[in-house]
Every structure is written in structure tokens, then in C-alpha cells.
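These notes concern the structure reproduced below.
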Amino acid sequence: MQPTNSSRRILLPVKGWFILFSLFVALFLNLLPIGRVAGVPDWVALVLAFWCVREPLKVGMAAGFILGVVTDVADASLMGQHALAYVLLAFAASGLSRRILWFPLGQQALHILPLLFGAQLVMLLVRMASGAEFPGVLYLLAPVIAAGLWHPITYLLLMPQYRPVDRDENRPI
Amino acid sequence: MSVVGHSPPPFFKRGVAPLARLAIFTALSLFLLVVDLRFSTLDMLRATIATAIYPLQQLAYRPVEFVGGAGQYFASLTTLQRENNELRDRQLAIANQLLRQEHLELENQRLRALLDMRDRQPTQGSVADILYSARDPFSRRVFIDKGQQQGINSGQVVVDDIGVVGQVTRVYPLLSEVTLLTDKHQAIPVQSQRSGLRAVLAGAGAGLMELRYLPANAEIVEGDILVTSGLDGIYLPGLPVARVSKIDRDAAYTFARILCEPLAGIERNGQVLVLSPREMPAARPEDAPLRGADAATGKGAKINRGAAAKGR
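Chains as they are written, first to last, in numbering that gives the first Met the number 0: chain A, 0 to 172; chain B, 0 to 311.
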């Protein structure tokens with residue numbers, strides 16, 4: 000039986016500038032100087048995973064690498080730490096994109112959770128291997144919260160594509 | 000997926016295979032990791048990217064600054080008045096010392112001259128604001144609002160009104176990064192004020208520090224104040240650093256486990272003083288017998304031989 004869910008909805012093609020803009024906004028949210036608050040989701044990882052699932056031909060490991068290096072500099076962390084995690088995340092997300100899109104949003108989030116969790120774990124392992132201090136178990140809470148945001152972020156980032164093809168001047172959207 | 004108005008998907012031309020791409024980017028990331036960890040030669044790349052994202056960072060800083068400013072604005076008048084009174088009382092209390100300080104310093108100078116000791120280096124510094132702490136949860140770093148443009152250099156010491164806060168570790172054009180003493184990779188040579196025992200204090204995480212490599216029977220008790228020993232040529236001697244809070248003398252280990260609490264408000268203050276770099280003490284006299292062997296020709300050899308002869 001063909002599953003009927005929102006991921007089968009007919010969408011407009013995505014705009015390149017919107018992908019760039021959303022990644023830029025995610026980077027901006029990551030730059031907010033809130034200090035060491037546990038459980039704040041890594042917005043760049045979330046948005047990157049989203050576009051890797053939705054548009055695996057447009058956003059991939061190269062984008063992950065560049066965003067990772069920029070995040071490394073902004074966070075003053077070890078160079079290459081985020082880059083490695085984001086590259087692995089992008090690889091897994093684009094590899095699984097055909098599968099993930101078959102599921103309704105709730106189950107998509109369940110697919111995304113291990114990916115984000117894995118990325119966080121990679122960063123933890125890299126830093127622990129380099130002799131840094133353990134940041135606490137709450138560090139692993141962030142990907143869980145991020146996966147919980149999969150539902151709203153899907154609606155938010157797909158909004159420009161929800162517009163119907165036949166444009167009606169009397170209708171706002 | 001059916002996408003309206005989409006050009007036919009490029010079945011055959013998709014560039015490098017995903018696995019190959021993964022291998023390339025993973026290798027590149029690992030290369031960056033190793034270079035940054037072992038050789039620390041990525042400062043140029045870091046400075047370039049940091050300058051490029053500086054406007055975005057400043058933009059992100061605005062809302063947080065605004066919230067902080069609003070909080071300050073609504074601080075009630077009474078709080079400010081109370082603080083004002085407290086400060087006035089404190090000023091009166093220390094006025095006596097302040098008035099006599101000049102006299103004491105002059106006296107000290109004369110006595111030192113008498114004893115033929117080197118003058119203590121006068122300290123100068125520039126006041127900086129802590130902008131925010133770095134997001135990296137694995138280290139303890141903060142950013143201050145002065146950088147290369149204001150003449151800050153890597154390695155300078157950062158203090159607050161009570162004691163040492165940390166050290167400038169990276170300098171960007173307009174900001175610099177201060178590694179706090181509680182960072183696990185930060186070490187500082189100290190001396191116990193009471194017993195004069197010298198040791199190395201290193202960050203232990205969780206806002207604490209650890210006095211390393213002291214034998215289990217070391218002359219140190221809880222409550223001892225540790226000050227910088229000045230042996231490293233970076234920190235001025237006598238700056239307060241930490242108080243010993245817990246000593247764990249377990250005979251099973253060679254060294255005692257000594258935990259210390261920082262004296263300065265390391266993870267809560269807003270303004271700090273970046274001390275100007277300390278003048279290096281005179282270089283060590285050369286060891287004549289060691290150098291004499293490889294410098295067989297020229298002036299150096301003669302001098303060395305002369306020095307060796309004098310030594311004898």
C-alpha cells in the first residue's frame with residue numbers, strides 16, 4: 000500500500016539562495032554567545048542534515064566540511080572537529096535520504112536522531128582522545144532536542160516550496 | 000520524488016562517488032585535527048576565517064548585549080546607592096594604605112638598591128571586557144574585546160582585581176581568546192605563600208585546579224594560598240592564584256592529589272586587566288664546556304675558551 004504522508008506532497012523546486020540563507024541563519028544561531036548551556040541544539044548540524052536528506056544532490060559533504068571549519072573557528076574548538084562530524088553526518092544523511100523520505104515526519108525524526116547523536120559522539124571521542132575534559136552527560140542531550148525539532152524545521156524550511164504552481168494574484172500565498 | 004518543473008535528474012554525471020568523497024573529506028578533517036593538535040600551525044587560517052565571520056559574530060552578540068544592557072538599566076536605584084556607599088566605605092578603609100603606598104614604594108626601592116637586587120618590574124596593562132565564553136564545552140575559554148589592533152599579544156597574562164584569570168592564547172585582529180586557568184591544558188607555576196614550596200598548577204575541569212607532581216608528604220595544608228612563582232618568565236611573581244581546598248594523600252599513588260579553588264572570579268567576572276608582557280630576565284650564562292666542543296673556529300671559540308679558563 001502506498002503510504003500517504005506529507006513527504007509525498009508535490010513541491011516547487013528548491014531555490015539555491017534559500018538553502019544558502021537557511022545555512023547562514025543556522026550559523027548565526029550557532030554564533031549566539033550563550034556560553035556553556037547544555038542541551039542547546041547544534042543548528043548547523045540540524046539544517047545540514049535536513050538539506051542532505053531533502054536535496055542530496057545540492058548539499059553534501061563539501062558543504063558540511065566548510066561549515067564545520069567555520070564552526071570550529073567560531074567556537075574556538077579543535078580545528079577539524081566539527082568538520083569531521085559534519086562530513087560524516089552529511090554522508091549518512093544523503094545516503095539514507097531515499098529511505099528517510101518514505102516515512103512520516105515523526106519516524107523521520109527517529110531516523111535523524113542517531114545521525115545527530117553519532118555526530119556528537121564523534122566530536123566527543125575526538126576531544127577526549129586529545130585529552131580535553133569531559134563536558135558532562137548533558138552534552139549528549141543536544142541531539143535529542145535537535146531531533147525533536149525536526150517537525151517544525153521541516154515545515155519552516157519547506158515553506159517556500161509549498162506555494163502552488165498556478166499563482167493567483169488575489170491569494171497571499 | 001516528483002518535483003514540478005525539475006530538470007531530469009543527472010543520472011550519470013554526479014561527480015565523485017560518495018564513498019570517495021567521504022574518504023577525501025574525512026582525510027582532510029583528520030589532517031586538520033592532527034596539524035592543529037600536534038603542530039599548532041593553523042593560526043593564519045584561523046585568523047582569516049575569524050576575520051571573515053567577525054561581522055556575523057558581532058551581529059549575534061548584539062541581542063545578548065541588549066538583554067544585558069536592559070537588565071542593567073532596570074537595576075533599581077537603591078541597589079546602586081547601596082553599592083555606592085559600600086564602595087565609599089571601602090575606599091576610606093584602604094585610603095590609609097594608599098596614602099602610604101608611595102612612601103613605602105620609595106622606601107622599598109631604596110632598600111632594594113641597598114641590597115643590590117633587581118627592581119621589581121612595574122606592571123602595566125590594558126583593561127578589557129569579557130565578551131562571551133567560547134561555545135566549546137570541552138575547554139574553558141573566553142573572548143575579550145581587544146586584539147592585535149590594540150597591541151595584545153599571545154601569551155600575555157590576564158588578571159582581575161583578586162588574582163590571575165588566565166592567559167591570552169590566540170589573538171585575532173579585533174578580539175583575543177583567553178584560556179582560563181581552569182582549562183585542562185593550562186598550567187601555571189606557583190609557590191605556596193606559607194611554605195615557599197614551588198609546584199605546577201594545572202586545570203582539572205569543573206572549575207577546579209590541581210597541584211601536580213607533589214609527593215604525598217609535601218609540605219602543604221588545606222587553606223594554603225598559592226601565588227605565582229615567576230620562574231617561567233611569563234607571570235610576574237607574587238600574583239595570587241588559588242587556595243588549596245582538598246588534599247587526598249593516598250599511599251597507593253606516588254603523588255598527592257591536591258585540588259585548589261581559583262581565587263579570582265575566573266568564570267564570572269566581566270572586566271579584566273591584560274598585563275603587558277614581562278621583560279625576560281637576562282639570559283642564562285652559557286655553559287662553556289658544552290659549547291666549546293662544537294665551536295672550534297672563530298671568535299666564539301676564543302671567548303668560550305676564555306670563559307672556560309676563567310671558570311677554572
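The C-beta atom is built at its ideal place from N, Cα and C for all residues, glycine as well.
Chain B within 7 Å of residue i, Cβ atoms only
| i | result |
| --- | --- |
| Arg-35/A | yes |
| Pro-134/A | yes |
| Leu-30/A | yes |
| Val-52/A | no |
| Asp-41/A | no |
| Tyr-161/A | no |
| Val-72/A | yes |
| Ala-146/A | no |
| Val-121/A | no |
| Val-86/A | yes |
Under 7 Å from the C-beta of residue i: neighbouring residues of chain B
| i | result |
| --- | --- |
| Leu-19/A | Simply none; closest approach about 14 Å. |
| Phe-90/A | Pro-17 and Leu-21 |
| Phe-116/A | Simply none; closest approach about 16 Å. |
Contact list for residue i against chain B, beta-carbon separation under 9 Å
| i | result |
| --- | --- |
| Pro-103/A | Near Pro-103/A there are no residues of chain B at all, since even the closest Cβ is about 15 Å away, more than 9 Å. |
| Leu-156/A | By Cβ distance, chain B contributes nothing, its closest Cβ being about 15 Å from Leu-156/A, past 9 Å. |
| Arg-98/A | Within chain B, no residue comes near Arg-98/A; the closest Cβ sits about 13 Å away, beyond 9 Å. |
Chain A contact for residue i (CB, 7 Å cutoff)
| i | result |
| --- | --- |
| Ser-28/B | yes |
| Val-63/B | yes |
| Glu-176/B | yes |
| Arg-45/B | yes |
| Thr-253/B | no |
| Gly-146/B | no |
| Ser-132/B | yes |
| Gly-154/B | no |
| Leu-31/B | yes |
| Thr-25/B | yes |
| Lys-183/B | yes |
| Ala-49/B | yes |
Cβ-based burial, residue i [other Cβ within 10 Å; buried from 16]
| i | result |
| --- | --- |
| Tyr-252/B | exposed |
| Glu-82/B | exposed |
| Met-43/B | exposed |
| Gly-130/A | exposed |
| Ser-28/B | buried |
| Thr-78/B | exposed |
| Trp-16/A | exposed |
| Gln-108/B | exposed |
| Gln-119/A | buried |
Interface partners of residue i on chain A, CB under 7 Å
| i | result |
| --- | --- |
| Asp-35/B | Leu-77, Met-78 and Gly-79 |
| Pro-136/B | Arg-35, Pro-134 and Tyr-138 |
Contact check, residue i vs residue j, beta carbons under 7 Å
| i | j | result |
| --- | --- | --- |
| Ala-46/B | Tyr-171/B | yes |
| Val-164/B | Ile-143/B | no |
| Arg-193/B | Leu-235/B | no |
| Val-157/B | Val-273/B | yes |
| Ser-138/B | Asp-88/B | no |
| Ile-367/B | Leu-179/B | Any property of residue 367/B remains undetermined from this structure, which presents chain B solely from 0 to 311. |
| Val-43/A | Leu-66/A | yes |
| Leu-100/A | Ala-146/A | no |
| Lys-245/B | Leu-262/B | no |
| Val-86/A | Thr-40/B | no |
| Ala-186/B | Ala-203/B | no |
| Asn-162/B | Pro-62/B | It should be pointed out that residue 162/B corresponds to Gly in this sequence rather than to Asn. Result no, Cβ atoms of Gly-162/B and Pro-62/B do not sit closer than 7 Å. |
| Phe-90/A | Met-122/A | no |
| Val-52/A | Ala-92/A | yes |
| Gly-146/B | Leu-105/B | no |
Contact test: residue i Cβ vs the ligand MN heavy atom, cutoff 6 Å
| i | result |
| --- | --- |
| Gly-63/A | This structure simply doesn't include the ligand MN, nor any ligand for that matter. |
Chain B residues whose Cβ lies nearer than 8 Å to that of residue i
| i | result |
| --- | --- |
| Ala-82/A | Phe-24, Leu-27, Ser-28 and Leu-31 |
Worksheet item: In chain order, which continuous runs of the beta strand (DSSP E) of length 3 or greater are located wholly inside the segment 138 to 224 of chain B?
Response: Those beta strand (DSSP E) runs which fall completely within the segment 138 to 224 of chain B and span 3+ residues are 140 to 143, 156 to 158, 163 to 170, 175 to 179, 186 to 191, 197 to 204 and 207 to 211.
Fill in: Sequence ranges, alpha helix (DSSP H) only - wholly within the segment 9 to 57 of chain A, length at least 4
Listed in chain order, the alpha helix (DSSP H) elements of length 4 or more contained wholly in the segment 9 to 57 of chain A are 15 to 30 and 42 to 53.
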